[in-house]
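From first to last, the protein sequence lines are chains S and L.
Here the first sequence is numbered in full-length UniProt numbering, starting from 1 and rising by one per residue.
Here the second sequence is numbered in full-length UniProt numbering, starting from 1 and rising by one per residue.
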Amino acid sequence: MSRQKKSVSVLIALLLMTVAILSACTKSDSGSGADSGNSASPASPSGSASSDSAGGEKSNEPITLRMTVWGAPEEVAAYKVAIAKFEKKYPNITVNLQHIPTDYDTKLTTMVAGNDEPDVAQMESASIAYPLAEQGKFYNLQDFLSSDPEIKQDDLVPNITYSLEPGNVIGLGPGPETFALFYNEDIFKDAGLTPPPSKASEAWTWDEFVEVAKKLTIDSKGRNASDPSFDPKNIKQYGVNIGTWWGNYSNFVYSNGGDFVSEDGKTFALNQPAAVEAIQKMADLINVYHVAPSPVQAKNIPATNIALQTKKVAMAIDGQWATAGLAQSKVHFNVGVLPVMKEPMTTVVSGMFSIFKSTKHPKEAWELEKALLDPDAAIDLLTAGTWMPSYKSWYTDPTLLAKWTENLDSRPSGYKDAVVDILLNDSHQTPTGYVKNFNKIMDIVNPALDKVWLGQQSAQEALDSIAAKAQAQVQGRRDVKG
Amino acid sequence: MRKGLLYGLLFTSPAILGFIIFTLGPMAASLGLSLTDYNVFKAHTAFVGFDNYSRLFSGEDDLFYKSLGITFYFVLLRVPAVIIISFVVALLLNMNVKGRAVFRTIIYLPSIVPAVASAMIWMWLLNPDLGLINSALRWLHLPTSNWLYSESSVIPSVVLTTLWGIGGTVIIFLAGLSGIPKQYYEAIEVDGGGWYSKLRHITIPMVTPTIFFNTIMAIIGSFQVFNEAYILTQGGPNNRSLFYVFYLWRTAFQDTEMGYASALAWVLFIIILFFTFIVFKTSKSWVHYEGGERA
């Protein structure tokens, strides 16, 4: 009796051990995910035999491509549309889409460490894309672009191509994003002020901008910031929300003729007069004129759509992606061109899609990459306002342009001038795309700028104090050979 | 007897295997990695001996000393606060009052709230403009603070947020308190002593083993502070809340320098070991175990 009991318990113990050991091993099984698709689909060969005409030169051997993306649900939905179209064109290819909404870089790093890279991945130029590219982890998309019959580099809008060095393209953005000045039309009407111009040629100077912002900054007793008895401690409505991350201030640094590094890529340049002036002028909006919230006060300011709708701010400097939220919240918003320091300018930011060298199917991965760039597939995101198209023709051909800019809540009257024309004529590449070691430089710059936005130090003092440390991290520019 | 050992090992094997595979193995691996320049993205990894460690201590990496200093400051503030407050709370909860179970539940409840949720609540409470705490201070005409957003107040604010979750420590204190035999108190009453004598001569000496245990756990937990920096402050403002483990995580997963991060981890391990050892050593003079002998 007792013996039997014992053998039962031994059995259970063994079972537990096996479970423990097995669960420790599962990771190594999933590591070969890329080719497991081949062995695990016995049904498909018969199904795909008839359909290889669409794929043309491709064989009908079943292929699985793994792709990772981040992004909001509506962006993932757009990827799914593009993928469905792609899978219809190439019936032998299945795309395994992995959506990683948070900690994307950490998870991708772990995949790389485990030799478990996806075939195609969305990458962020400000973080791990370049460190990976420097280790030769990505295909040079230039090779595909120059031999592709359907698409040429000239077909793409400017500044969505990410290169490790001239001639080595590591990623292509599915669409550019520019910066602009969003505003609530009702506030301007009520105040009897002329709203921001939308044409670059008529853009406000910085001083004109400051004057308007003053009139639109209202304290709790209804006085505005140009009133001598104005109380900056109890502000009900801010003139403008400027946002203090590098994307926002880069616009003005460029507009003022400054840069993050010098033209030859050898010198840290944010402490040079042009950049310092731009950053100081932005900080003065917060600490001298009290027309913009400090980073601490900005914690109470909701996203641009709600901030404009609830009249917490009258104007906001934000990326063009804000139009999606603004359209949804039905606020009477419009968009103007950013105020100009020396010349009109916007920074263009975007994610990118890259192809890992470890893929077994580079040709198919390139076809997938092309499918992701296709504006037709992303039409929902274009009309909603989240994205702008990647093809130049969608900006220059009036019928195509109309498809995503006319009669839409997300595209107010100023949009074509303030966003589309600026992108084509006065846009600057994101610093993440050409400043080598951008991350490490910004790890030093950002804490120093905290003090500038809080008014504890001038931009010159703060940036000079870290210039030597930042200089030590400067490694050159990617758009300069050598 | 031998058979007993065999069964014993067999039944503990899931735990033992788990420890070996998931704790000891990775620890050994990280010790090995700390002697290399392993970077996740680089194809080649070279043995570099103690280079990582000398880079740490050479002062070349000023964030190392900065994060270490910040973490020490945090430990110094938090450990005494946790021990004293949870002891006082445990004393109150140990009193024979109506609704004691309800109070105990209320005190323990925050401990089961996920760290992210409680951090979000604190972010709202400590918001400089709209937060409940500053609003209350303003209403009382007291000076307000920027809490998490100013360099001088960020560490004390983080300590404050962690004090909300002392439920676990309180429970352990309560267990220690309920283990004190009633007759000791009766003896004091017979001798004419009041509450202070009870506390000073019975309660505190009797719970020193619990204080000892909680102190060690609080030291270890405080040195490893991470969630707060990750969720509340991202290490800011101006790197003033760049806790050691947060810096370690950033080095490992954002800069992908796993070798260097492993060295950072081992330095922390040695530091924690050292302080635990010190507390153990001094414990002989202040921890009393029942029966009279000192440990």
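Yeah, the Cβ is synthetic: ideal placement off N, Cα and C, and Gly gets one too.
Computed from a prediction, not measured in an experiment: that's the story for all the values here.
Proximity of residue 422/S and residue 310/S at Cβ, strictly below 8 angstroms: no
Cutoff 8 angstroms: residue 219/S Cβ touching any chain L Cβ: no
When 262/L, 93/L, 126/L, 51/L are compared against residue 146/L, the one with the closest alpha-carbon: 126/L
Under 8 angstroms between C-beta atoms of residue 352/S and residue 136/S: no
Residue burial classification, residue 61/S (beta-carbon count within 10 angstroms, cutoff 16): exposed
Separation of residue 39/L from residue 198/S, as counted between CA atoms: 48 angstroms
8 angstroms Cβ cutoff met for residue 233/S and residue 289/S: No, the Cβ-Cβ distance between residue 233/S and residue 289/S is not below 8 angstroms.
Start and end residues, alpha helix (DSSP H) containing residue 86/L: Element bounds for residue 86/L: 62-93.
Beta-carbon proximity list for residue 410/S, same chain, < 8 angstroms, skipping 5 on both sides: Contacts found: 323, 324, 326, 327, 383, 384, 385.
Nearest candidate by alpha-carbon position, reference residue 420/S, set 282/S, 321/S, 65/S, 125/S: 321/S
Residues bridged to residue 192/L (per DSSP): Paired residue(s): none; residue 192/L is not in a bridge.
Counted within 10 angstroms of its Cβ, other Cβ atoms place residue 47/S as buried (16 or more) or exposed: With a pLDDT of 38 at residue 47/S, under the threshold of 50, the modelled position of that residue is not reliable, and no figure is offered here.
Under 8 angstroms by beta carbon: chain L residues contacting residue 271/S: Going along chain L, no residue has its Cβ under 8 angstroms from residue 271/S, so there is no contact; the nearest lies around 17 angstroms.
Coil, strand or helix - residue 278/L by DSSP: helix
Same chain, Cβ closer than 7 angstroms to residue 429/S, five either side skipped, listed in chain order: 159, 348
Delimiting residues of the alpha helix (DSSP H) encompassing residue 282/S: 273-287
Cα-Cα separation, residue 95/L to residue 190/L: 20 angstroms
Residues near residue 78/S by beta carbon distance below 6 angstroms, same chain, minus five either side: Excluding residues up to 5 positions away in sequence, 378, 380, 381 lie with their Cβ nearer than 6 angstroms to the Cβ of residue 78/S in the same chain.
Any C-beta of chain L under 8 angstroms from that of residue 131/S: yes
Reduced DSSP category for residue 241/L - H, G, I as helix; E, B as strand; rest coil: coil
Assigned exposure category for residue 115/S - 16 Cβ within 10 Å defines buried: Under a 10 Å Cβ-count criterion, residue 115/S is classified as exposed, with fewer than 16 other Cβ atoms of the shown protein chains found around its own Cβ.
Closer than 8 angstroms to chain S by CB, residue 237/L: For residue 237/L, the answer is yes, since a Cβ of chain S falls inside 8 angstroms of its Cβ.
Supposed close pair residue 490/S, residue 305/S - CB separation, criterion 8 angstroms: Because chain S in this structure spans residues 1 to 482, residue 490/S falls outside the shown range and cannot be described.
Chain-ordered chain L contacts of residue 447/S [CB-CB under 8 angstroms]: 236, 237, 238, 239
Residue-level contact to chain S via CB, residue 42/L, 8 angstroms cutoff: yes
Residue 206/L, DSSP secondary structure in three states: helix
Sequence ranges, alpha helix (DSSP H) only - wholly within the stretch 230-262 of chain S, length at least 4: 246-255
Buried versus exposed call for residue 36/S [16 or more other C-beta atoms within 10 Å across all chains shown]: Here the model assigns residue 36/S a pLDDT of 36, short of 50, so the residue's position is not dependable, and the following value carries that caveat. Exposed: under 16 other Cβ atoms inside 10 Å.
N-terminal and C-terminal residue of the beta strand (DSSP E) that residue 334/S is part of: 333-336
Sequence-distant residues of its chain with Cβ nearer than 8 angstroms to residue 227/L (five each side left out): 115, 116, 119
Within chain L, the residues that residue 127/S reaches when beta carbons sit closer than 9 angstroms: Within chain L, the residues whose beta carbon sits less than 9 angstroms from that of residue 127/S are 254, listed in sequence order.
Whether residue 246/L touches residue 229/L by CB criterion (8 angstroms): By the CB criterion at 8 angstroms, residue 246/L and residue 229/L fall inside the cutoff.
Short CB-CB distance (under 8 angstroms) between residue 475/S and chain L: no
DSSP bridge partner residues for residue 490/S (one or two, in chain order): Outside the displayed span of chain S (1 to 482) sits residue 490/S, for which this structure offers no information.
Residue-level contact to chain S via CB, residue 129/L, 8 angstroms cutoff: yes
is_contact[residue 26/S, chain L] using C-beta, thresh 8 angstroms: Its pLDDT being 43, under 50, residue 26/S is placed unreliably in this model, and the value from its coordinates should be taken loosely. No, no contact with chain L.
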